[in-house]
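Here's the structure we're looking at; comments come further down.
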Amino acid sequence: MDKKKLTKSARDSIRGWMFVSVWVIGFLIFTIYPIFRTIKMSFDSVIISANGLITEFVGFLNYQNAFLSDVTFTKALIQYIGQIVLEVPIAVVFSLLIAMVLSKDIKGKGLMRTVFFLPVIIISGPVMEKFTDMGLMAIQGTQDSSLIDSIIMMLPETLGTLLSTLIDSFVMILWFCGVQILLLLSALQKMDKPMYEAAHIDGASAWESFWLITLPNLRTMIVICIVYTIVTISTFDTNPVISMIQENMFSITSGMGYASAQAWVYFFTLLLVIGFFMLIYGPKKANLYGNSKAVKQQMKEYEKVIRDQKREQRKLKRTAGKEE
Amino acid sequence: MASIQGKKMNPTRFHKSQLKFYAILIPMAVVMGLPIIYIFSQALKPLDELFIYPPKFFAQKPSLDNFKKLIESMLGSEVPIYRYFFNSILSTLLTVICTIFITAFAGYALSKKDFKAKGLIFEINTAALMFVGAAVKIPKYLVIYYSGLIDNFWVHIIPGLAMPVGLFLVKQFMDQIPDALIEAARIDGAKDFQIFMKVIMPLSKSSLATVVILTFQAAWNAIEASELYLNADNMKTFAYYMTTLTTTGNDVVGIGQAAAATLIMFIPNLVIFIFMQKNVMSTMAHSGIK
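Residue numbers (the numbering used here), protein chains in the order written: chain A, 102 to 425; chain B, -19 to 270.
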């Protein structure tokens, strides 16, 4: 084919593929192919033997086992859902709080930002595991408190374990917030200062302007933060469900096939959880000026005025053109 | 990139009205900072203090005993210790350099070029971010086995090159670069590759800095390759050597060495972060915004 005859868009797409190809090849081989391989494995019974892997098709048996005969797995899943529902709001509210404080003018802001972002750099599997083992992730001083122990004893079992994991990993939750804080911070700094001033002049308290201006404006960003938090907590190495999958993978009785089935169940649970959060606090069409009815009314009026003005201008132009 | 001071981010004077903010910030910062300090104090504790119950936060009699013992057992190992260091440094360096270019190429194409399947690639990438990494261990082993990478030094480097998080960040950041700049360069006669090297790379420096940090961390701490794909001891990495110290051998002595080893493993991460910090801050701030 003659190169000159190619249209600009065709050339563009060839160049695009050229640039992306190396990455796509690596991604397909080392990420996508293994993931798809696990789909097939989840329908097999896989036994690791001296001669390599012996696979045998067993249909939905692995999935059946996961839900019907394995007590620990469903229990861990339910606990995981509880943990997410509890921890995500804490993480997001905390990030929002810190981001709002950091967006104010205070001395040492740069340093503070670094401190809050630093954990992101350190959270790598091995170090973190050591921390949890040492009990460092708990709120200091609460570990052996008899009051908390007795409260936990009084609650029903699932709630009790939830509360105790929450206490044990409180600092960890805060550690997950680095990226979210930065995202919210940047959104906050892009917000219109005059809007707050106008609200202030109209007699709105700081509290009111938080609910009516800040929150509605941050909505899209908060949604991103929620998804981000769910994904980080769920794919983290020390997550109980993940360590369970990892254990099953090399165990002789259950094996890789079962572990793959579990991984897929887990993946879909994760998507469901994200869906659930989206239902509660999903992305609505972002409205730059808040969502309150009065504001909307006002905006409509402004738009009308602007439209009228434009129409006037056009009319003027047309008449001017005719006169010439 | 202007420095933090250059942007006048920090107010120049302290004022009383700022107190209430400190009341929230400082306790939170302390809670988050404690574990980092703990790594240091743990490494400095002599053996008897490590076992005190209830544990003390700060070392009462800080000593370098743990480090001495660590060095002793390093000198006693079969493969000379510098070999592990060399492997780690070489593999980390190669991984970081290759990843930057591959990710930047892909990010540029996905952000600035128009072709079919472009959106699809990015969406699959985002979905892959969420999949359980642990579950693909065996299929990944098979891939590596069939591609002949077993017992090959490149196994440290090649599997990690296509990093989903990296592409995500870089692509989002490159979306911010105005198309007009690229068009201007093209009108001035720049070829695609020149545009990439002279316009795109310098402008996305800060998001690439983030990728550097993330890759560095992953590569420096990686033990998977040494554990699963390599048999020869002289190809394994320093991180792997550190974990063998803590898991095998004498448990009681091991704990002191482990504390020292954790600190040693942690310091490069911290140094890289401090060097790249300013750039990272601005990428993260842009990555989520359309």
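All residues carry an ideal CB built from backbone N, CA and C; glycine is no exception.
Item                                                                                                                                                                  : Value
How would you label F173(B), buried or exposed, when you count the other beta carbons within 10 angstroms and need 16 or more for buried?                             : exposed
Check whether the Cβ of G13(B) lies closer than 8 Å to any Cβ atom in chain A.                                                                                        : yes
Could you work out which residue in Y2(B), W200(B), M215(B) is closest to G209(A) when comparing CA atoms only?                                                       : Y2(B)
Using the Cα positions of D171(A) and M350(A), report the straight-line distance between them to the nearest angstrom.                                                : 15 Å
According to the neighbour-count rule (16 or more other Cβ atoms, all chains shown, within 10 Å of its Cβ), is P139(B) buried or exposed?                             : buried
Per DSSP, what kind of secondary structure is F176(B) in: helix, strand or coil?                                                                                      : helix
Report all residues from its chain with a CB closer than 7 Å to the CB of P42(B); omit the five preceding and five following residues, and keep chain order.          : L24
Taking only the alpha-carbon atoms, compute the straight-line gap between L417(A) and D94(B) and give it to the nearest angstrom.                                     : 42 Å
Taking only three categories from DSSP, how would you classify T132(A)?                                                                                               : helix
Residues in the segment 172 to 188 of chain B with C-beta within 8 Å of chain A's C-beta atoms, listed in sequence order?                                             : D172, F176
Beta carbon of S361(A), beta carbon of T139(A): below 8 Å?                                                                                                            : yes
So does the segment 44 to 54 of chain B actually touch the segment 236 to 245 of chain B, counting three or more Cβ pairs closer than 8 Å?                            : yes
Beta-carbon separation of F218(A) and I199(A) under 8 Å?                                                                                                              : no
Quick test of the definition: if touching needs 3 or more C-beta pairs under 8 Å, does the segment 329 to 341 of chain A touch the segment 130 to 144 of chain A?     : no
Is the number of C-beta pairs between the segment 213 to 226 of chain B and the segment 67 to 76 of chain B that are closer than 8 Å three or more?                   : yes
Which residue's Cα is closest to the Cα of T72(B): V150(B), V135(B), S21(B), A108(B)?                                                                                 : V135(B)
Could you tell me which of P248(B), V112(B), N211(B) sits nearest to Q197(B), measuring between CA atoms?                                                             : P248(B)
Any beta-carbon of chain B closer than 8 Å to the one on I179(A)?                                                                                                     : no
Run through chain B and tell me which residues come within less than 7 Å of T215(A), C-beta to C-beta.                                                                : Q257
According to DSSP, is T420(A) part of a helix, a strand, or is it coil?                                                                                               : helix
In whole angstroms, give me the CA-to-CA distance for Y221(B) and L210(B).                                                                                            : 13 Å
Could you tell me which chain A residues have their CB closer than 8 Å to the CB of K120(B), listed as they occur along the chain?                                    : F131, P135
Can you round the beta-carbon distance between A177(A) and M345(A) to whole angstroms, since I take them to be within the 8 Å contact cut?                            : 6 Å
Confirm, please, whether the CB-CB distance from V191(B) to G146(B) is below 8 Å.                                                                                     : yes
Go ahead and label S306(A) buried or exposed: buried means 16 or more other beta carbons lie within 10 angstroms of its beta carbon, across all protein chains shown. : exposed
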